[in-house]
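Participant: Before anything else, here's the structure in question.
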Amino acid sequence: MTAKDLRRYLFADYDKLVRPVKDPNTGIVVETSITPLTIAELDAVNKILVMDSLMMMKWKDDYLTWEPKEFNNITVLSIPHSEVWKPDMSIYTATSDDSVFPTSNTQALIYSNGTVMWVPTFTIKSYCPRRKQKDLSSYDCSIRIGSWTYSGNRVDIQVATPQVDLSSFQDIHPKWKLMSATMNRKSGHYYWCVEEYPEIILDLSMKSRVL
1 MTAKDLRRYL FADYDKLVRP VKDPNTGIVV ETSITPLTIA ELDAVNKILV
51 MDSLMMMKWK DDYLTWEPKE FNNITVLSIP HSEVWKPDMS IYTATSDDSV
101 FPTSNTQALI YSNGTVMWVP TFTIKSYCPR RKQKDLSSYD CSIRIGSWTY
151 SGNRVDIQVA TPQVDLSSFQ DIHPKWKLMS ATMNRKSGHY YWCVEEYPEI
201 ILDLSMKSRV L
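Start counting the sequence shown at 1; every next residue gets the next number (UniProt numbering).
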């Protein structure tokens, strides 16, 4: 059996528009992490940050599982992300034209146990108001990201690790230097619904190069 046979087996009756759980009362846990790549722009006057990044998302899909021994010991399959269900992640603090999480041409990886991992590149263009600071040579702000429609009992967004990986960050912005970045999770209610909605908070701390 080949990878082509495996694709046919997995997607013969697959519906990417429906949450991939066999028990509708079961939630999907989505592990997330953000890897900043470079600061493209920080407009301190208008409080807008533009930052190129990667975002890792990982979850279990009940309908994308197989026995490797039945498919020539294939344990992982790389496919276009557009073929599978994905959490509808959005940047809550985005500027008006950039609230919906952008698509990417990157592939998604599917593992035989049903784990799906997708790591798209994207550009964060977000309102990032400075937190109360007396020292204007520093700029600390937060970006909020979460599901646009799913409450926490249906899609539970979790932080893979609080400490953000900065090993791939390109420190090239002429005015601002990224000093640290952390991720945290919080959950809250909105006035129009009773369910809790989880979100991840990306806290950024930057320092001015101009003294």
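A virtual CB, placed ideally from N, CA and C, is assigned to each residue, including glycine.
For Tyr139, which of helix, strand or coil comes out of DSSP?
Facilitator: Along the sequence shown, one-based indexing puts residue 139 at 139. Residue state, collapsed to three classes: strand.
Participant: Cutting at 8 Å between CB atoms, please list the residues of its own chain near Gly146, excluding the five before and the five after it.
Facilitator: In the sequence shown, residue 146 corresponds to position 146, counting from 1. Counting only Cβ-Cβ distances below 8 Å, and skipping sequence neighbours, we find Met89, Ser90, Tyr92, Ile157, Tyr197, Pro198, Glu199, Ile200.
Participant: Would you kindly check if the distance between the Cβ of Ser112 and the Cβ of Pro80 is under 8 Å?
Facilitator: The sequence position of residue 80 within the sequence shown is 80, counting from 1. The sequence position of residue 112 within the sequence shown is 112, counting from 1. In this structure, Ser112 does not lie closer than 8 Å to Pro80 by Cβ.
Participant: Relative to the ligand GTP, is the shortest distance from any of its heavy atoms to the C-beta of Thr95 smaller than 7 Å?
Facilitator: This structure lacks the ligand GTP; in fact it carries no ligand of any kind.
Participant: State whether the segment 165-177 contacts the segment 37-47, with contact taken as three or more CB pairs (one from each stretch) at a distance under 8 Å.
Facilitator: The segment 165-177 is in contact with the segment 37-47.
Participant: Please report how far the alpha carbon of Phe11 lies from the alpha carbon of Thr35, in whole angstroms.
Facilitator: For this step, residue 11 is matched to residue 11 along the sequence shown. For this step, residue 35 is matched to residue 35 along the sequence shown. So the two alpha carbons sit approximately 31 Å from each other.
Participant: Look up Glu70 in the DSSP assignment and say whether it is helix, strand or coil.
Facilitator: Here residue 70 corresponds to residue number 70 of the sequence shown, with the count starting at 1. Note: Glu70 maps to helix in three-state DSSP.
Participant: So, with DSSP's three-state summary, where would you put Leu64?
Facilitator: Counting from 1 along the sequence shown, the entry for residue 64 is found at position 64. If DSSP states are grouped into helix, strand and coil, Leu64 belongs with coil.
Participant: What residues are listed by DSSP as bridge partners for Arg144?
Facilitator: Within the sequence shown, numbered from 1, the residue matching residue 144 stands at position 144. Partner(s): Ile201.
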